[in-house]
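Undergrad: In the numbering used here, the protein residues as written are 2 to 463.
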Ligand code: BG6
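1. Rank 46, 39, 37 by C-alpha distance to the C-alpha of residue 440 and give the top, closest one.
2. Considering only the alpha carbon of each residue, which of 357, 322, 400 lies closest to residue 346?
3. Span of the beta strand (DSSP E) holding residue 12?
4. Ordered along the chain, which non-local residues of its own chain (more than five positions away) have a Cβ less than 7 Å from that of residue 418?
5. Enumerated in chain order, which unbroken segments of the beta strand (DSSP E) with a length of 3 residues or greater are wholly contained in the region 232-277?
6. Candidates 387, 393, 456: which alpha carbon is nearest residue 411's?
7. Kindly indicate which residue of 221, 241, 167, 154 has the alpha-carbon position closest to the one of residue 207.
8. Please state whether DSSP places residue 111 in a helix, a strand or coil.
9. For residue 76, report the span of its beta strand (DSSP E) as first-last.
10. Give a yes or no on whether 8 Å exceeds the smallest Cβ distance from residue 349 to chain D.
11. At a threshold of 7 Å, does residue 420 count as lining the ligand BG6 (C-beta to nearest heavy atom)?
12. Which of helix, strand or coil does DSSP assign to residue 116?
13. Does the distance from the CB of residue 1 to the CB of residue 289 come in under 8 Å?
14. Please find out if some non-hydrogen atom of the ligand NAP comes closer than 7 Å to the beta-carbon of residue 20.
15. So, using beta-carbon positions, are residue 29 and residue 129 closer together than 8 Å?
16. Report yes or no: do the region 137-144 and the region 215-223 share at least 3 C-beta pairs separated by less than 8 Å?
17. Just verifying my parser: in three-state terms, what is the DSSP assignment at residue 288?
18. How about residue 385 and residue 284: are their beta carbons less than 8 Å apart?
19. Ends of the beta strand (DSSP E) at residue 23?
20. Quick check on the DSSP output: the beta strand (DSSP E) that includes residue 297 runs from which residue to which?
21. When the distance is taken between beta carbons, is residue 11 closer than 8 Å to residue 361?
Below, the structure is given as structure tokens:
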């Protein structure tokens, strides 16, 4: 098997606004649900300073040029553009992202922008958040504004980051739990908001391409028992296909509809929705992948899953449907996420077979505790191993016929993990701070930086 990737394969690196920028209330920025979220029992870094990317973006982008990436995935903080989520535009926010985009282009890096990454404006949350239809209108006004401001230079857009994980593990990401009824009304609004973004991008951005960005990973049955297979059918549908079937086919799939009916969830649909669902589609699928999930049919209501609680839904339990199960065939990282590179290949194959759209991986990586040495080195061979196995799986998927056109791992630079602080690091670039002490926030290149740099420059897995 050749180790060489197709010519023009898009090597990238990814971040989100709230996990990196800091400057949470500077230059007119409003608060988002990430700034206000409850962190009880969590003695970890918050997002007020994060890694100060807001002030250091020039230094960071120069490092990314040295790394050699062709694309840089970042998100826009909606609250920098509209501090209240709607209403008056904050010109300083528009200027900031103009500067970031121009800086990327100056360094020969294509910006790829996520419209929203977990940070809904708090002012909208107070009016009902995604449960309220008016948030769809506010989102549509916001995306129209950014397409007009940046669409002359930014041609690749991603809609709303991981709506599936946001709803499934609401407590860990949003700091509060939603009822099933709220969750799935939010699902409908998030997906309709996305349809509006597809439509507006195609209308406003010349040659603009846009895609959904869910977290997709196959759900395995715990055993060959038919009931466990049924459990995986339901969780695959609720976790993965419900979202992409809506985006790509414009419909609720039947397994998901059955799940909603049996759970007594009733979704309110607006007059305009049918036309939006069936007329506006993505140009590609962006997919985040860390691990696969295994489920069994729950036989008793007692206790949660045997899986250790994490963000990737292993601790899920829905009576009558599925229950997370720790896959004994897979190793775990130090934060209890299973490692399954073959699962990435089969997930890519399943996805491509189902939707026949080009795919780009917009997150994949290893969260680990790194150690900065006295000489400024960070020896993260474990991260190199993880990346090598997963990038090899990408190459195998391409060779098996999948139209995978890029790989943009998580993360370009160390950032604050969604619920585990700065101790869980993902970056190619180490940022010297700890949970409570921001220190100087100095940047250091890890061993994985040099490894990925070599991979990009040769277009081959070292
Ligand atoms: C994805 C998110 O779900 O997982 C990222 O899009 C997040 O924002 C990443 O950082 C890793 O999760 P965690 O909990 O380790 O930060």
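For glycine and all other residues, C-beta sits at the position ideal for the given N, C-alpha and C.
On a predicted model such as this, the values are computed, not experimentally measured, just so you know.
TA: In short, the structure shows the following:
1. Per the Cα distances, 46.
2. 400
3. Residues 11-15.
4. 368, 425
5. none
6. 387
7. Residue 154 is the option with its Cα nearest to residue 207.
8. strand
9. 72-76
10. Looking at the structure shown, chain D is missing, and only one protein chain is on hand.
11. Yes, since a heavy atom of the ligand BG6 falls inside the 7 Å radius drawn around the Cβ of residue 420.
12. strand
13. Not covered by the structure: residue 1. The range shown for the chain is 2 to 463.
14. Of the ligands one can find in the structure shown, namely the ligand BG6, none is the ligand NAP.
15. no
16. no
17. strand
18. no
19. Unbroken run through residue 23: none, as it is neither H nor E.
20. 294-297
21. yes
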